[in-house]
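Chemist: Residue 2 is where the sequence shown starts when you use our numbering, and the numbers rise one by one after that.
The structure follows.
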Amino acid sequence: GSQDARVAPRAQPASVPMLTGVRRLLLWTRPWDPVRHAVWSLRSGLSGIAASPDASPKLSALDQRRRTLLWMARTRGWTELDLIVGSFADRHILSLSDNQADLFEEVLRKKNVDLLRWLSGQESVPNDLLDNEVMVMLLRYVNSNHPSLYK
């Protein structure tokens with residue numbers, strides 16, 4: 002009868018590594034971001050400009066810089082930071098001014114180990130970075146969107 006209709010839970014394929022701790026949390030709780038569409042147009046050439054090899058989009062210097070910063074934020078090499086800093090960049094990259102782009106680049110130039118410790122609250126953020134408005138924005142973003150990092 003009804004016992005025969007039960008379906009056993011599917012096992013994780015052996016080729017897919019199990020995610021644990023922060024990685025699982027960040028992967029499965031990453032908020033949907035309505036700005037993502039705008040970010041995709043930023044990646045593909047901004048505002049509907051074609052990104053085909055034979056088309057040479059005329060991007061402003063700031064837009065080119067934003068693309069570089071977005072790439073730097075999403076490809077740090079540590080999955081946790083790729084997700085945290087990358088999702089922050091997805092949300093805020095289009096609104097960064099030229100000065101804020103400088104400040105964001107300053108944050109992105111920090112070592113991964115230090116950045117993760119600061120963002121997770123394991124170590125205090127140095128005073129010179131607390132004067133960086135983009136670092137403060139990033140800390141607020143982490144606190145509001147990934148509060149379990151502090152537990």
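Idealized CB from N, CA, C, for every residue including glycine.
Check whether the Cβ atoms of residue 136 and residue 106 lie closer than 9 Å to each other.
Modeler: No, they are not a contact pair.
Chemist: Straight-line CA distance for residue 84 to residue 75?
Modeler: Answer to the nearest angstrom: the Cα atoms are 7 Å apart.
Chemist: Can you tell me where the alpha helix (DSSP H) holding residue 87 begins and where it ends?
Modeler: Residue 87 -> alpha helix (DSSP H) spans 80-93.
Chemist: Please state whether DSSP places residue 28 in a helix, a strand or coil.
Modeler: Unreliable placement is indicated for residue 28, whose pLDDT of 48 sits below 50; no coordinate value is reported for it.
Chemist: Keeping to the same chain, check which residues put their C-beta closer than 8 Å to that of residue 104; ignore five residues upstream and five downstream.
Modeler: Cβ neighbours of residue 104 beyond the five flanking positions: 133, 134, 135 and 136.
Chemist: So which of 129, 115 and 92 has the shortest CA-CA distance to residue 141?
Modeler: Considering only alpha carbons, the answer is 92.
Chemist: Looking at the structure shown, is residue 133 part of a helix, part of a strand, or coil, going by DSSP?
Modeler: Three-state result, residue 133: coil.
Chemist: In whole angstroms, what separates the C-alpha of residue 95 from that of residue 67?
Modeler: Those two C-alpha atoms are separated by around 7 Å.
Chemist: Excluding sequence positions up to five away, which residues of its chain have a Cβ less than 7 Å from the Cβ of residue 113?
Modeler: Answer for residue 113: 77, 78, 79 and 82, listed in chain order.
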